[in-house]
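**Student:** First the structure, then my questions, so here it is.
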Amino acid sequence: MTEHLPASQVSFDENALIAERRAKLLALRAQGVVYPNDVKREHYAADVQAAFANVETWTAETLEASSHRVRMAGRLMAKRLMGKASFAQIQDESGRIQLLIQSNVLGEDSYAAFKVLDVGDIIAVEGGLTRTRTGELSVKVNVLRLLTKALRPLPDKWHGLTDVEQRYRQRYVDLIVTPESREIFIKRSKIIRALRTWLDARLFLEVETPMMHYIPGGAAAKPFVTYHNALDLELYLRVAPELYLKRLVVGGLERVYEINRNFRNEGVSTRHNPEFTMLELYEAYSTYHEVMDLAETMIRDTAQSVLGTTQVIWDGAQIDLGPIFRRWRMDEAVCHHNPEISVAECTDRDALLLHCERLKIKVKSSYGWGRLLLSIFEATVEHTLIQPTFITDHPVEISPLARESDIESGYTDRFELFINGKEIANGFSELNDPEEQAMRFQKQVEAKEGGDDEAMYYDADYIRALEYGMAPTGGLGIGVDRLVMLLTGSTSIRDVLLFPYMRPER
């Protein structure tokens, strides 16, 4: 007998199953405590499996003759009744292990209680170890207690949680039944820990900056608006921590970083979620070239630390993080993929408008040559950048916080890192000239007044901070969610967020 059936035979009414389980809970309540909290777990499934993995050393006879006993707890994931002896599986955070449950060992009353347990219930067991005729390590249970009654049935084990939307909405169920999902989120935690360890070892100071801003800034994005009742003040959820972190550099904290949430009131896609995790760092007396070196080494070392390799497969592409990342100017990349565009035309607005029209790229009349060049890059180049590539030297128009190049007017000391056609990181030599920054902010205000929702606001306090003097500084932002996607081979950002944004259920 099994509680799981192939999908073709599953035609149960879930409400009826829930009602049946509630009836069992009611009967248990009549007997006394049904949610005990006095269990002391001493062993985990994976540790026990590893300790007794050698089949030749740990035969059924040697196991049963030994004094090894285990005390475990977990969720009942499978149950197979076979008269006076039954098998089950429990799952804890480390993995699964089989249980051998015999009426003559457990006792008739406890065996009868086991028979009415449901898959999904949380139980505690104690017993010695044995090995079945097929060689599977098993706990020979002589003590069994119900800890938590599950009132809802788990998905069918043969097909799991096949409804993708349900996986995201009910992540708690997904984590129970989908080992691959659990592994992704364990790796996510390890990736973030590895990033912190890497930066801490290089004497970067982790800081926390405000999540609610008087003025949204630090990125070209539409903010979420909230309201502080006591202060009678409109506030914004931060779109980026950049301007606060650079205030700290002004204050003498020369190497700072923050790993935290940003919020952007924009669309949802396989690459975008309204709230997401960013790593931002700033280092005084460094340039964008040195920040590129830092980003490359940190990503490579993180992959090696967490995965044990620098080679990953992402959305069907074999990515190698080991070799030196390519560095390619934006205008050169555009001209390479569009031979009909000359380098001279890259700063010619009229020529770029004609090329956009020819390429059927939609643009706004307010775009200068910098925005037009970016539009062509995004349409014709970005998706081709499979192996790690730094695209460098962006136009000033699209880089309001970056330092203008000393070599070429109209361009900045900026880079973006692309892997498999997706932006992973963004950084630049920071603009530390307060008068130039004030002028750039004013242009952003004019763009906003012209209908650009993503243009930045004028931040007078940030200008005041720069007027105290900020050392030459390099900055970096890494999309942690996208980095996790890369290192886990996930194709959707929702697969690496425990609770991604979803429309409310109707």
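Just so you know, full-length UniProt numbering puts 459 at position 459 of the sequence shown, and the rest follows in order with no gaps. All C-beta atoms in this analysis are idealised placements derived from N, C-alpha and C, irrespective of residue type, glycine included. All values reported here derive from a predicted model rather than from experimental measurement.
In the region 274–329, which residue ranges form an unbroken alpha helix (DSSP H) of at least 4 residues, counting only runs that do not cross its ends?
**Tutor:** With a minimum length of 4 residues, the continuous alpha helix (DSSP H) runs that stay inside the region 274–329 are 288–307.
**Student:** Is the distance from the Cβ of A438 to the Cβ of I386 below 7 Å?
**Tutor:** Residue mapping note: residue 438 aligns to position 438 of the sequence shown, counting from 1. Residue mapping note: residue 386 aligns to position 386 of the sequence shown, counting from 1. Cβ distance not < 7 Å, so A438 and I386 don't count as in contact.
**Student:** Quick check on I122: does DSSP put it in helix, strand or coil?
**Tutor:** Sequence index remark: in the sequence shown, residue 122 carries index 122 (1-based). I122: strand per DSSP, three-state reduction.
**Student:** Candidates S189, D92, W314 and L359: which alpha carbon is nearest M485's?
**Tutor:** Here residue 485 refers to the residue found at position 485 when the sequence shown is read from its first residue. It is W314 whose Cα lies nearest to the Cα of M485.
**Student:** Drop a sphere of 10 angstroms on the beta-carbon of L354, count the other beta-carbons inside from all chains shown, and report buried for 16 or more, exposed for fewer.
**Tutor:** Numbered from its first residue, the sequence shown carries residue 354 at position 354. Result: exposed.
**Student:** In chain order, which alpha helix (DSSP H) runs of at least 4 residues are fully inside the region 156–212?
**Tutor:** Correct list: 164–169, 171–177 and 179–201.
**Student:** For the alpha helix (DSSP H) containing R482, name the first residue and the last one.
**Tutor:** The residue you call residue 482 lines up with position 482 of the sequence shown. Note, R482: alpha helix (DSSP H), V480 to T488.
**Student:** Leaving out the 5 sequence neighbours to the left and right, which residues in its chain are closer than 8 Å to Y285 when beta-carbon positions are compared?
**Tutor:** The count along the sequence shown starts at 1 and reaches residue 285 at position 285. Excluding residues within five positions, the ones whose Cβ falls inside 8 Å are E254, A471, P472 and T473.
**Student:** Just grab the DSSP bridge partners of H228 for me.
**Tutor:** Along the sequence shown, one-based indexing puts residue 228 at 228. Bridge partners of H228: L233.
**Student:** Which residues in the same chain as S366 place their Cβ atom closer than 8 Å to its Cβ, once the five residues preceding and following it in sequence are excluded?
**Tutor:** Counted from its first residue, the sequence shown places residue 366 at position 366. Here the set comprises A447, G450, G451 and D452.
**Student:** Rounded to whole angstroms, what is the Cα-Cα separation between Q9 and P155?
**Tutor:** As a working note, residue 9 is residue 9 in the sequence shown. As a working note, residue 155 is residue 155 in the sequence shown. In this prediction, Q9 scores a pLDDT of 39, lower than 50, which makes its location untrustworthy; the coordinate-derived value is nonetheless stated afterwards. Computed Cα separation, rounded: 13 Å.
**Student:** R403 and D413: beta carbons closer than 7 Å?
**Tutor:** Mapped onto the sequence shown, residue 403 falls at position 403. Mapped onto the sequence shown, residue 413 falls at position 413. Yes, the Cβ-Cβ distance between R403 and D413 is below 7 Å.
**Student:** Quick check: the region 241–251 against the region 193–203, are there 3 or more CB pairs under 8 Å?
**Tutor:** The region 241–251, when compared against the region 193–203, does not touch it at the 8 Å Cβ threshold.
**Student:** As an exercise, report each continuous alpha helix (DSSP H) stretch of at least 4 residues that is fully enclosed by the region 331–393, in chain order.
**Tutor:** As far as the region 331–393 is concerned, its whole alpha helix (DSSP H) runs of at least 4 residues are 349–358 and 369–380.
**Student:** What do you get for H383, buried or exposed, if any count of 16 or more other CB atoms within 10 angstroms of its CB means buried?
**Tutor:** Sequence index remark: in the sequence shown, residue 383 carries index 383 (1-based). H383 should be labelled exposed.
**Student:** In terms of residue numbering, what span does the alpha helix (DSSP H) encompassing F441 cover?
**Tutor:** As a working note, residue 441 is residue 441 in the sequence shown. From DSSP, the alpha helix (DSSP H) with F441 extends over P434 to E449.
**Student:** What is the DSSP secondary structure of T148, reduced to helix, strand or coil?
**Tutor:** Within the sequence shown, the letter at position 148 stands for residue 148. It is a strand residue.
**Student:** Three-state secondary structure (DSSP) at Y411?
**Tutor:** As a first step, residue 411 is located in the sequence shown; it is residue number 411 there, counting from the start. Reduced to three states, the DSSP call for Y411 is strand.
**Student:** Between which residues of its own chain and V343 is the CB-CB distance below 8 Å, once the five residues before and five after are set aside?
**Tutor:** Locating residue 343 in the sequence shown gives position 343, where the first residue counts as 1. So the qualifying residues of the chain are D331, E332 and C335.
**Student:** Checking the sheet assignment: what are the DSSP bridge partners for S138?
**Tutor:** As a working note, residue 138 is residue 138 in the sequence shown. Beta-bridge pairing links S138 to Q98 and T130.
**Student:** Using the Cα positions of Y468 and G251, report the straight-line distance between them to the nearest angstrom.
**Tutor:** Taking the sequence shown and counting its residues from 1, one reaches residue 468 at position 468. Taking the sequence shown and counting its residues from 1, one reaches residue 251 at position 251. Between Y468 and G251, the C-alpha separation is close to 9 Å.
**Student:** To which residues does DSSP link V256 through a beta bridge?
**Tutor:** Working through the sequence shown from its first residue, we reach residue 256 at position 256. Looking at the DSSP assignment, V256 forms a beta bridge with L205 and Y282.
**Student:** In angstroms, rounded to a whole number, what distance separates the CA positions of residue 565 and K187?
**Tutor:** Because the chain spans 1 through 506 in this model, residue 565 falls outside it and cannot be assessed.
**Student:** Buried or exposed, going by whether 16 or more other CB atoms sit within 10 Å of the CB of E61?
**Tutor:** As a position in the sequence shown, residue 61 is number 61, starting the count at 1. It counts as exposed.
**Student:** Exposed or buried, what is I324 when buried is set at 16 or more other beta-carbons lying within 10 Å of its beta-carbon?
**Tutor:** Here residue 324 corresponds to residue number 324 of the sequence shown, with the count starting at 1. The residue in question, I324, is exposed, as its Cβ has fewer than 16 Cβ neighbours within 10 Å.
**Student:** Can you tell me which of A220, P241 and Y214 puts its alpha carbon nearest to the alpha carbon of L231?
**Tutor:** Stepping through the sequence shown from its first residue, residue 231 is reached at position 231. Checked all of A220, P241 and Y214; the closest Cα to L231 is Y214.
**Student:** Between Y282 and G475, is the Cβ-Cβ spacing less than 7 Å?
**Tutor:** For this step, residue 282 is matched to residue 282 along the sequence shown. For this step, residue 475 is matched to residue 475 along the sequence shown. Closer than 7 Å, so yes.
**Student:** Within a Cβ cutoff of 6 Å, which residues of the same chain sit near A351, ignoring the five residues on either side of it in sequence?
**Tutor:** Stepping through the sequence shown from its first residue, residue 351 is reached at position 351. So the qualifying residues of the chain are E345.
**Student:** Short of 8 Å in beta carbon distance, which residues of its chain neighbour E378, apart from the five on each side in sequence? Order them along the chain.
**Tutor:** The residue given as residue 378 occupies position 378 in the sequence shown. Cβ neighbours of E378 beyond the five flanking positions: none.
**Student:** Cutting at 6 Å between CB atoms, please list the residues of its own chain near V143, excluding the five before and the five after it.
**Tutor:** On the sequence shown, residue 143 is found 143 positions in, with the first residue counted as 1. Hits under 6 Å: E126.
**Student:** D461 lies in the alpha helix (DSSP H); which residues open and close that run?
**Tutor:** Along the sequence shown, read from residue 1 onward, the residue named residue 461 stands at position 461. Taken as a continuous stretch (DSSP letters only), the alpha helix (DSSP H) holding D461 covers A460 to E467.
**Student:** In this structure, what does DSSP give as the bridge partners for I419?
**Tutor:** Within the sequence shown, residue 419 is the residue found at index 419, counting from 1. Looking at the DSSP assignment, I419 forms a beta bridge with K422.
**Student:** Using a Cβ-Cβ cut-off of 7 Å, state whether A16 counts as contacting chain C.
**Tutor:** Among the protein chains of the structure shown there is no chain C, as only one such chain exists.
**Student:** Suppose you measure from the CA of V119 to the CA of A112; what does that come to, to the nearest Å?
**Tutor:** Within the sequence shown, the letter at position 119 stands for residue 119. Within the sequence shown, the letter at position 112 stands for residue 112. So the alpha carbons of these two residues sit roughly 15 Å apart.
**Student:** Just to confirm, is the Cβ distance from R71 to E93 under 7 Å?
**Tutor:** Numbered from 1 along the sequence shown, position 71 holds the residue referred to as residue 71. Numbered from 1 along the sequence shown, position 93 holds the residue referred to as residue 93. In this structure, E93 does not lie closer than 7 Å to R71 by Cβ.
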